[in-house]
Each structure stands twice: as C-alpha cells, then as structure tokens.
Amino acid sequence: MNLGVQHDMLRSELEEIVGASHISTQESDRLVYATDWFWLPQMWLDRGERPRTPDFIVHPGSASEVSEVLKIANSYRIPVVPWGGGSGSQGGALPLFGGIVLDTKRLDRIVDIDEISLTVTAQAGINGSQLEWALNERGLTLPHYPASANCATLGGYLAPRGSGTVSTKYGKAEDLVLSMEVVLPTGEVIRTPGVPQHAAGPDFFRLFLGSEGTLGVITEATMQVDYLPETRLFRALLFDDLSRALEAGRLLMTRRLEPTVIRIYDPRSTASRVKTILGHEYEGAYMVLGFDGDADIATLQERKALEICTRLGAEDLGREPGESWWEHRYDFYYPPQNLKLPWMYGTTETVSTYDRIERIYYAEKGAVESEYAAWNVDFIGHFSHWFHWGAMLYSRFIIRNPPEDAREAIRLHNRVWNTAMTAVLENGGMINEHHGIGLKLSRFMRRQYGAAWPMLEAIKRALDPNGIMNPGKVGFGPGTGVER
Amino acid sequence: MNERALATLENCRYCLMCRHVDPLGLITRRETLTPHGIALVAVSEQRGLIDWNEEMIGVLYSEVDAGVAQANCVTDQPFSEAVALVRAELVASRLAPAAAYELEERFRRHASPFGEAPVETAKGQAETALFVGDEAHHLWPASVGAACTLLGALGESPVPISRGRSSGFLASSLGLIETARTQAKATLEELDATGAGRLVVLSPGDHFTLSQLYTGRLGLDWPAGVEIVDLATLLADGLRAGRLAFTPALEDGAYAYVDPTHAARTPERFEAPRSLLRSLMPTEPVELFWHRQRAHPVGSTALQFTHPELADALTRARLEDARSRGAEVLFCEDPGSLAQLCRHAAAHNLAVRGLYETLATHLKP
Ligand SMILES: Cc1cc2nc3c(=O)[nH]c(=O)nc-3n(C[C@H](O)[C@H](O)[C@H](O)COP(=O)(O)OP(=O)(O)OC[C@H]3O[C@@H](n4cnc5c(N)ncnc54)[C@H](O)[C@@H]3O)c2cc1C
Chain A
89 MNLGVQHDML RSELEEIVGA SHISTQESDR LVYATDWFWL PQMWLDRGER PRTPDFIVHP
149 GSASEVSEVL KIANSYRIPV VPWGGGSGSQ GGALPLFGGI VLDTKRLDRI VDIDEISLTV
209 TAQAGINGSQ LEWALNERGL TLPHYPASAN CATLGGYLAP RGSGTVSTKY GKAEDLVLSM
269 EVVLPTGEVI RTPGVPQHAA GPDFFRLFLG SEGTLGVITE ATMQVDYLPE TRLFRALLFD
329 DLSRALEAGR LLMTRRLEPT VIRIYDPRST ASRVKTILGH EYEGAYMVLG FDGDADIATL
389 QERKALEICT RLGAEDLGRE PGESWWEHRY DFYYPPQNLK LPWMYGTTET VSTYDRIERI
449 YYAEKGAVES EYAAWNVDFI GHFSHWFHWG AMLYSRFIIR NPPEDAREAI RLHNRVWNTA
509 MTAVLENGGM INEHHGIGLK LSRFMRRQYG AAWPMLEAIK RALDPNGIMN PGKVGFGPGT
569 GVER
Chain B
104 MNERALATLE NCRYCLMCRH VDPLGLITRR ETLTPHGIAL VAVSEQRGLI DWNEEMIGVL
164 YSEVDAGVAQ ANCVTDQPFS EAVALVRAEL VASRLAPAAA YELEERFRRH ASPFGEAPVE
224 TAKGQAETAL FVGDEAHHLW PASVGAACTL LGALGESPVP ISRGRSSGFL ASSLGLIETA
284 RTQAKATLEE LDATGAGRLV VLSPGDHFTL SQLYTGRLGL DWPAGVEIVD LATLLADGLR
344 AGRLAFTPAL EDGAYAYVDP THAARTPERF EAPRSLLRSL MPTEPVELFW HRQRAHPVGS
404 TALQFTHPEL ADALTRARLE DARSRGAEVL FCEDPGSLAQ LCRHAAAHNL AVRGLYETLA
464 THLKP
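Protein sequence lines correspond, in order, to chains A and B.
If you number the first sequence the way this note's numbering does, the last residue is 572 and the count never jumps.
If you number the second sequence the way this note's numbering does, the last residue is 468 and the count never jumps.
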C-alpha cells in the first residue's frame with residue numbers, strides 16, 4: 089500500500105504493542121512473506137516478476153497483542169493477513185493488498201496437556217511436528233498428520249479445515265478441535281464453549297473453521313489427542329479396475345471397519361508416482377490399507393478388510409509395499425519428487441458422496457485431458473480421505489511445458505482450474521476438501537454456495553465491518569479501506 | 104552462481120520441510136532465516152529481484168552451517184554446502200560482510216580468531232595423533248589434558264596436532280575457501296609428520312570437518328590409511344569392553360547432556376557420550392527437547408562473528424531448553440560449545456562441565 093507518512097506512524101504504534109524487534113519492514117522479509125505455497129506467486133517470482141509485498145511483518149506474542157494490532161489496523165483501515173507456516177497451497181496467506189502480515193509463530197506455547205480428558209491446549213502458532221514431539225513424550229499423539237506437519241502451524245491446520253493422512257479413522261483437523269480462542273477483526277478476544285457437542289444454541293464456533301483468517305485470528309485451540317497406537321498395520325493391494333477399488337473402499341467405510349488409511353491411486357498415478365517414488369511397478373489401481381490401535385483388533389479389522397477386497401478381485405501385495413508407503417509417504421512432497429517449477433500444476437481436490445465421486449473423477453479427468461491435450465496435460469488422482477458417506481478425490485493436473493510468459497501462464501492456469509471446477513460443481517462435488525479456498529478458489533465460492541452465499545457475506549460484514557481481515561480470500565472481496 | 108549451489112538452492116527455495124528443526128527460524132520466527140527463506144533470497148538475486156546489498160548478504164551469512172537442515176532432509180539436500188559456495192563467490196567479489204575479511208586477516212596472522220599465540224606444531228611420532236585445533240587450545244584447554252589422560256588409560260600416547268590452529272571449518276563456512284584450504288593442508292602436513300595411522304578428534308564438529316569437509320567442500324585428498332576416530336565413541340567402546348571404568352561422580356541435581364554444535368552431522372555417535380555419562384552418574388540424564396537429530400547448535404559457528412546476537416540467542420535457547428527440562432548441570436564435550444554455554448550459563452542458573460575432564464577425574468585406576 090502507499091502509506092506515505094502513515095507508514096511511520098503505524099510502525100511506531102505497532103512497535104509499542106509488540107516491540108521493535110518483532111516487527112519488520114526489511115526488504116528480505118517482505119520478499120519472503122510475499123509468497124506462500126500457491127503455485128501462482130511462486131511462478132511469478134520464478135519468472136523474475138515482483139510480487140505484492142506486505143508493508144509490515146508483525147510477530148505478536150499474545151492474544152492481547154493480536155487484539156491491539158487488529159484495533160490499530162481497523163483505525164487505519166489496513167489489511168491484516170494471518171500467517172502460520174505459509175505452507176498453504178491456496179494463496180490464503182498472500183498479502184494481496186499489502187498491509188500487515190501477522191505471523192503467529194511466537195504464539196507457540198503448549199498451555200496444557202490433560203491426560204484424563206486426552207486434550208492438548210496450545211497456542212495457534214505452534215509448529216505441527218514440535219507439538220507432536222511434545223505429545224509423543226507422554227505417549228500421546230494429535231492424529232492429524234498432514235504432509236506439511238514439519239512446517240504448518242496448529243492455527244493453519246484449523247483455519248483451512250485440513251485433513252491428515254489418518255483422517256479416515258480420526259477425522260479432519262476440524263473434528264479434533266474442542267474449542268478455540270479467537271481474536272475477532274475488531275479486537276475482541278472470545279473463547280468458544282469448552283466442548284464442541286452440546287445444544288446450547290447454534291454452533292458459531294464452526295464459523296472460524298474454514299474462515300482462513302477472514303473472520304479473525306485463532307490464537308489458541310484445545311485439541312483432542314489419542315494414545316499412540318500399540319500397532320500400525322499396513323499392506324498394499326492391487327485392483328485392475330478403479331471402480332472395484334472404490335467399491336471396496338466404500339464397503340470398508342460403510343461396514344465401519346475403521347481403517348486408518350485407505351489410499352487408492354488411479355492407474356495413471358500407479359504407473360507414475362507410485363513407480364518413481366516407491367519403486368513398485370504395477371498396472372491398475374494401487375491401494376494402501378492401514379489399521380491401527382490394539383494389535384488384536386487391528387488384525388481382525390485388517391483381515392475383514394482383506395476379505396472384502398479380495399472378493400472384489402484385489403491382489404494382496406503383502407505388507408512390505410504398504411509399509412514402505414507409510415515410510416515414504418512424505419517423499420511425494422519433497423524435492424526432487426515434488427511437483428515443481430517451471431511446471432504448472434494444481435491440486436483440484438474435491439469431496440462428494442459415494443454415488444457421485446467416481447463420476448466426478450471421470451468428468452474432471454475427461455474435461456481436463458481433452459481441453460488441454462495440446463499442452464500434454466497429465467491428470468493424476470488418488471482417493472485418500474474417506475467418510476461414512478463418501479470420499480475425497482485428490483486430483484492433480486500437471487503441465488510440464490507451460491507458457492514462458494508469466495501472464496500467459498496465469499491465464500492458462502486459471503482456464504484449467506475453470507474446467508476442473510466446472511466439472512466438479514456440475515457433478516455435485518465440493519470445490520475443496522482440505523486445502524481451503526484462499527485466493528485460488530475465491531472466485532468459485534458464489535457458484536458453490538448459490539443462494540446461501542449472501543448469508544456468508546453478511547456474516548463477514550457484521551464481524552469485519554472494515555474488511556481488514558485477509559481481503560480477497562474465501563470469496564470475500566477487498567474491504568472499504570483497501571486500495572485495489 | 105555455482106551450478107551445484109544453484110541446483111540445491113532451487114530445490115530448497117520452496118521447500119519448507121525442515122522448518123520444524125531449523126534453529127534460526129525457531130529463535131527468530133523469521134521465515135527469511137530458514138533454509139527456504141535463505142534459498143529464496145539467493146535465487147531471487149539470480150532472477151534480478153534483489154541485489155546483494157548488506158541486508159541480503161546478512162541473510163545469506165545467517166545460515167548456521169551446523170547440518171541440522173540436511174540431517175533432517177528426506178532427500179539430503181546439501182544446503183549448507185550450497186550456501187558456503189555462494190559465500191565463497193561473495194568473498195571473491197569483495198561483497199562478504201566485513202567480519203569475514205577481518206577474520207581472514209586474523210587467520211593469516213594467528214591461524215585462529217580465538218588467540219594470538221603461535222601454533223604449537225607436533226613434536227615426535229606416534230601411532231595416534233590427537234586433533235586439538237584452536238577451540239580446544241584457546242577456549243577449553245582442559246579438554247586436551249583430559250583427552251590425553253583418557254587415551255592413556257586405554258594404552259595410547261597420542262601426539263597432539265594443530266594446537267592453536269583452526270581446523271578450517273570456520274574459514275570455509277565464511278566463504279574463505281583458500282584460507283580454509285591453507286589451514287587444512289597445514290593440519291594434514293602436521294599429521295603426516297607424526298606418522299600416525301589414527302587421528303582422534305574431540306568433537307562432532309572436528310569429526311565432520313576432517314572426515315567430510317576436507318574432501319568435500321575443500322576438495323582435498325584424505326591421507327590413505329589414516330583413520331579418524333571420535334574420542335567419545337572410543338571411550339564408550341572401551342567402557343563396554345571393560346577396559347575403562349569410572350568412579351561415581353557426586354554431582355547434585357538433575358543433569359543433561361547437550362548435543363554439541365554439529366551433532367546432527369554425526370548421528371552414529373549420539374549414544375556414546377550418553378553412555379559415558381550414565382557410567383559416571385547415579386541417575387539417568389535428562390534429555391533436552393532439542394536433542395540428537397534435532398539438536399540445535401549453540402552459537403559456536405561463524406555466526407558468533409557475523410551475527411553475534413543470533414549466536415548468543417542460539418546458546419541461550421539451549422540453556423532455556425535445559426532449564427525447562429529441570430536440568431541443573433550440563434555436560435558437553437565440544438570445546439567450542441562448552442565455551443559458548445559457559446558464557447551464558449550463570450544467567451540461567453546452570454552449571455556447565457566438560458565431559459572429558461569429568462571422566463578423567465573419575466577414572467578408576
Ligand atoms: C508439502 C505440503 C504438504 C501438504 N500436505 C497437506 C496435507 O496433507 N493436508 C492438508 O490439510 N494440507 C496440506 N498442505 C497444505 C497446508 O500445509 C495446510 O493447509 C496447513 O495446515 C497450513 O498451515 P500453515 O500454518 O502453513 O498456514 P498458512 O499457509 O500460514 O495459512 C493458511 C491459511 O490460514 C490462515 N491462517 C493461518 N493461521 C491462522 C490463524 N492462527 N488464525 C486464522 N487464520 C490463520 C492464513 O491466513 C491462510 O489463509 C500441504 C502443504 C505443503 C507445503
């Protein structure tokens with residue numbers, strides 16, 4: 089933003105709150121905080137283009153400091169963008185209109201571990217793996233294992249409603265949270281009720297899950313934890329037909345066999361990703377099954393699951409390939425195996441009920457592959473987060489030779505997303521299951537929600553009258569004071 | 104930019120996967136000082152987005168060079184090596200921080216930033232040499248005598264070498280590659296003159312420098328037939344084999360072992376110092392939160408010269424970790440780490456002890 093003399097006014101006021109050493113306007117910080125893990129700003133930088141940078145990076149150390157920062161931002165009508173680990177892939181943490189990037193990493197304290205109710209209360213900026221280590225020391229685990237645990241924060245788990253590798257048994261991050269402390273856009277610090285299941289009126293607590301920093305800053309959360317499982321069993325199976333694999337997954341879930349993991353790679357992923365990363369060469373749909381908990385129960389569950397799968401024609405590949413998948417499950421996201429620039433790529437993941445999910449897969453695959461055949465698009469997918477009623481499709485497009493010109497690349501990127509999301513929406517899918525909306529999917533929110541969208545907008549206006557919180561994200565446009 | 108360095112930095116620029124162990128990210132909370140941030144700054148210079156001005160060079164020189172990122176990297180990206188190569192280019196362009204050139208001068212005159220006495224070259228020949236270096240010689244000399252006593256108990260009479268001369272690690276880390284090579288060659292010549300077939304080292308840092316950095320970063324040949332042996336491992340083996348025994352140390356209070364700077368680079372020796380301590384102490388050591396693979400360095404790297412405030416913060420973070428775990432006494436064997444810990448320990452109400460000296464005074468005859 090062009091803040092002129094206000095810049096130094098604002099800086100000195102912010103310094104009074106957080107201390108001079110916790111606020112930066114350095115060029116290096118502004119560059120690094122100009123991009124999260126969204127392909128678009130990374131590509132922009134990759135092509136030597138200068139992105140929009142924040143004016144200030146502020147590191148508050150308490151909820152009351154967050155509150156004071158938001159009050160100041162309101163009085164100056166300055167955007168505030170919460171930033172956890174910056175690992176979000178949707179551009180949710182991008183300072184689109186400059187202003188303040190509010191890095192939560194100083195809020196990293198574990199407040200309490202309750203070994204009776206099995207909960208942990210921690211500040212929202214705590215790093216996922218560090219929290220996990222602390223729990224593991226007590227024989228506990230927070231069973232939200234996103235591939236980004238090493239870099240993401242607790243607040244970043246909740247704000248975009250993330251899912252981890254074992255969500256099929258333990259639920260998404262939003263299912264594990266009991267309560268939160270939130271600083272509202274106007275600076276009030278609120279605490280949601282201590283338990284999530286009750287009948288004391290509407291569940292306003294859920295509003296902040298998925299709000300991605302547009303309705304306030306989560307500063308603390310109480311999460312349900314589990315005992316570290318006595319055993320973890322993995323094995324891999326091969327189906328020659330994706331439909332049968334999906335049917336097996338449905339039966340496992342609807343018969344409540346409680347798998348920890350069901351991951352079905354489509355034939356294209358089986359032939360490419362599974363081959364290069366895990367070194368297994370198979371044709372068909374590769375399935376990884378996991379069970380955990382008490383050894384006798386997990387063994388029984390696994391046996392019943394195997395019966396279902398083999399009845400549907402699966403070949404049991406045994407334990408080793410399943411265990412090696414668990415061992416290497418994050419390699420898919422590390423260099424050099426990860427999707428990387430100069431490629432163009434996007435994870436067009438979706439979720440729907442069992443009666444639709446396969447149709448969505450073929451509709452999206454068909455649309456993307458036919459419309460972008462000239463770009464040699466690669467469409468891959470796997471099904472990895474399962475519910476009693478449906479499953480999540482983690483689909484991805486990859487274009488290995490995108491336009492060199494950054495602006496042309498953005499046009500093509502957005503066209504592919506239009507195609508993919510149109511196929512998803514027309515076939516009854518959600519535009520996202522766990523990465524969130526951010527900037528990337530903002531423009532699809534109206535279509536997703538139809539007549540319900542104005543209600544969400546009204547809530548946003550009521551809570552954030554000046555539109556300072558994370559403008560341009562989750563479908564909410566820039567607020568009144570924001571320079572476009 | 105050097106192609107090898109660039110390839111690594113391109114890989115690291117958008118990878119955030121060592122954030123959980125990144126020492127500077129943890130103490131500053133600045134994304135910019137994590138491998139991702141440092142790599143992004145470096146490759147942005149290549150793309151014309153930034154210039155190598157004082158601020159950006161400061162970012163590049165904030166990399167700790169203690170191996171924690173690589174030790175925790177699934178694909179083993181040699182991040183510190185890449186940064187050292189870029190620093191060497193900055194040195195060559197006279198763009199490095201003033202501290203680097205000041206140190207270059209000190210290295211030229213005194214072979215060490217820690218003292219001005221001339222290097223004491225080895226006299227005589229032996230089967231075993233003991234690498235002393237400048238940190239042990241100037242900052243924690245008691246460790247050298249203790250090491251000789253302990254080796255003596257195992258029937259060895261080592262010839263100390265490189266007394267007062269830097270190993271070359273610091274210089275190489277600052278991008279002063281030629282200075283580092285000169286120091287390394289002097290060490291190798293002295294070693295050669297002793298005729299030793301075994302070189303005992305006191306710390307993970309020296310182990311890394313002599314066994315990996317000389318041949319890797321500095322491109323030198325390691326003398327054929329000379330084995331590098333870590334003293335703590337040697338002692339732990341001796342203990343296990345019944346060739347060494349210790350009388351109980353009467354320390355009061357909970358104690359902890361501090362994995363020294365560079366510990367993450369030598370995972371094979373995590374257990375050795377712990378087992379030695381157990382043989383001395385009546386109770387189990389307290390494990391710090393930042394231990395073994397994830398152990399943070401203290402400020403005993405080049406950071407103490409280029410960014411002393413960050414170096415101090417790293418050291419204080421280790422001491423706070425120890426306090427929060429209830430430790431009252433800290434043990435460590437690395438002279439450089441010990442010197443750093445000692446400077447701040449009193450403010451944290453902690454006592455610091457050299458592991459080798461404690462072992463030597465409790466050696467059972
Ligand atoms: C390699 C890799 C693998 C990934 N794998 C997974 C996965 O398996 N599962 C998954 O769900 N996601 C995954 N992600 C996406 C992403 O890491 C997660 O969504 C993560 O939880 C984001 O956390 P963060 O702290 O980095 O958030 P950020 O990227 O910093 O922020 C994400 C959004 O949340 C908002 N926000 C952050 N903190 C707060 C807060 N305290 N209060 C309010 N709003 C806040 C931000 O403004 C932004 O809109 C992956 C990302 C990477 C880079």
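Here a beta-carbon is modelled for each residue, glycine too, at the ideal position from N, C-alpha and C.
The structure displayed is predicted, hence computed values, not measured ones.
Measuring straight from C-alpha to C-alpha, what distance separates residue i and residue j?
| i | j | result |
| --- | --- | --- |
| residue 543 (chain A) | residue 533 (chain A) | 12 Å |
| residue 128 (chain B) | residue 137 (chain B) | 5 Å |
| residue 583 (chain A) | residue 517 (chain A) | No answer is possible for residue 583 (chain A): the residues shown for chain A start at 89 and end at 572. |
| residue 329 (chain B) | residue 244 (chain B) | 25 Å |
| residue 102 (chain A) | residue 290 (chain B) | 53 Å |
| residue 448 (chain A) | residue 522 (chain A) | 17 Å |
| residue 315 (chain A) | residue 271 (chain B) | 48 Å |
| residue 153 (chain B) | residue 155 (chain A) | 34 Å |
| residue 201 (chain A) | residue 220 (chain A) | 12 Å |
| residue 367 (chain A) | residue 413 (chain A) | 10 Å |
| residue 305 (chain A) | residue 393 (chain A) | 42 Å |
| residue 165 (chain B) | residue 282 (chain A) | 43 Å |
| residue 357 (chain A) | residue 252 (chain A) | 20 Å |
| residue 519 (chain A) | residue 457 (chain A) | 19 Å |
| residue 453 (chain B) | residue 441 (chain B) | 12 Å |
| residue 109 (chain A) | residue 287 (chain A) | 45 Å |
| residue 471 (chain B) | residue 461 (chain B) | For chain B, the structure presents residues 104 to 468; residue 471 (chain B) sits outside this window and is missing. |
| residue 124 (chain A) | residue 400 (chain A) | 43 Å |
| residue 459 (chain A) | residue 127 (chain A) | 21 Å |
| residue 452 (chain A) | residue 485 (chain A) | 10 Å |
| residue 398 (chain B) | residue 407 (chain B) | 18 Å |
| residue 162 (chain B) | residue 124 (chain B) | 18 Å |
Hey, could you find the ends of the beta strand (DSSP E) residue i is sitting in?
| i | result |
| --- | --- |
| residue 455 (chain B) | 454-457 |
| residue 276 (chain A) | Note, residue 276 (chain A): premise wrong, no beta strand (DSSP E); not H, not E. |
| residue 115 (chain B) | Per DSSP, residue 115 (chain B) belongs to no beta strand (DSSP E); it is in the alpha helix (DSSP H), 106-116. |
| residue 132 (chain B) | Looking at the DSSP string, residue 132 (chain B) is not in any beta strand (DSSP E), and its letter there is neither H nor E. |
| residue 368 (chain B) | No beta strand (DSSP E) contains residue 368 (chain B), which DSSP labels as neither H nor E. |
| residue 404 (chain A) | 403-406 |
Would you verify that the beta carbon of residue i is, or is not, closer than 8 Å to some beta carbon of chain D?
| i | result |
| --- | --- |
| residue 120 (chain B) | In the structure shown, chain D cannot be found, because the protein chains are A and B. |
Shortest alpha-carbon distance to residue i belongs to which of the options?
| i | options | result |
| --- | --- | --- |
| residue 228 (chain A) | A:287, A:312, A:290, A:191 | A:312 |
| residue 481 (chain A) | A:334, A:379, A:219 | A:334 |
| residue 100 (chain A) | A:128, A:141, A:146 | A:146 |
| residue 370 (chain A) | A:395, A:380, A:404 | A:404 |
| residue 338 (chain A) | A:302, A:240, A:442, A:322 | A:442 |
| residue 184 (chain A) | A:205, A:172, A:198, A:142 | A:142 |
| residue 407 (chain A) | A:425, A:535, A:322, A:496 | A:322 |
| residue 510 (chain A) | A:116, A:478, A:436, A:539 | A:436 |
| residue 178 (chain A) | A:545, A:559, A:558, A:528 | A:528 |
| residue 501 (chain A) | A:431, A:285, A:550 | A:431 |
Tell me where the alpha helix (DSSP H) around residue i begins and ends.
| i | result |
| --- | --- |
| residue 141 (chain B) | 138-149 |
| residue 396 (chain A) | 383-399 |
*Taking only beta carbons into account, state which residues of the segment 135-167 of chain B come closer than 7 Å to chain A, listed in chain order.*
Those residues of the segment 135-167 of chain B that come within reach of chain A (Cβ to Cβ, closer than 7 Å) are 135, 140, 143, 144, 147, 150, 151, 152, 153, 158, 159, 162.
_Does the segment 226-244 of chain B come into contact with the segment 255-267 of chain B, if we say contact requires no fewer than three beta-carbon pairs (one atom in each stretch) closer than 8 Å?_
When Cβ pairs closer than 8 Å are counted between the two stretches, the segment 226-244 of chain B is seen to touch the segment 255-267 of chain B, the count reaching three or more.
*asked:* Can you pull out the residues from the segment 406-440 of chain A whose beta carbon lies closer than 9 Å to at least one beta carbon of chain B?
replied: In summary, the residues of the segment 406-440 of chain A whose CB is separated from some CB of chain B by less than 9 Å are 416, 418, 419, 421, 422, 423, 424, 425, 426, 428, 429, in the order they occur in the chain.
*Contact between the segment 203-219 of chain B and the segment 169-177 of chain B: three or more CB pairs below 8 Å?*
Counting C-beta pairs closer than 8 Å gives fewer than three between the segment 203-219 of chain B and the segment 169-177 of chain B, which falls short of the contact rule.
*In chain order, what residues of the segment 358-391 of chain B put their CB closer than 7 Å to some CB of chain A?*
Taking 7 Å as the Cβ-Cβ cut-off, the segment 358-391 of chain B has no residue approaching chain A.
*asked:* For the pair the segment 316-329 of chain A and the segment 107-118 of chain B, tell me if three or more CB-CB distances fall below 8 Å.
replied: The segment 316-329 of chain A makes no contact with the segment 107-118 of chain B, as fewer than three CB pairs between them are under 8 Å.
_At least 3 beta-carbon pairs within less than 8 Å: the segment 384-393 of chain B vs the segment 551-563 of chain A_ = Taking one beta carbon from each stretch, the segment 384-393 of chain B and the segment 551-563 of chain A have fewer than 3 pairs nearer than 8 Å; the two do not touch.
*Give the residues from the segment 166-187 of chain B that approach chain A closer than 9 Å (Cβ to any Cβ), ordered along the chain.*
Within the segment 166-187 of chain B, the residues whose Cβ lies closer than 9 Å to some Cβ of chain A are 175, 176, 177, 178, 180, listed in chain order.
*Between the segment 430-439 of chain B and the segment 302-315 of chain B, are three or more C-beta pairs nearer than 8 Å?*
Enough Cβ pairs lie closer than 8 Å, so yes.
_Below 8 Å, how does it come out for the segment 322-338 of chain B and the segment 365-377 of chain B: are there three or more Cβ pairs, yes or no?_
Here the segment 322-338 of chain B makes contact with the segment 365-377 of chain B; the two share three or more CB pairs at distances below 8 Å.
*Touching or not, the segment 283-299 of chain B and the segment 416-425 of chain B, by the rule of three or more beta carbon pairs under 8 Å?*
Too few Cβ pairs lie closer than 8 Å, so no.
*Is the segment 110-124 of chain B touching the segment 137-150 of chain B, taking contact as three or more C-beta pairs under 8 Å?*
Yes, since at least three Cβ pairs between the segment 110-124 of chain B and the segment 137-150 of chain B fall closer than 8 Å, the two stretches touch.
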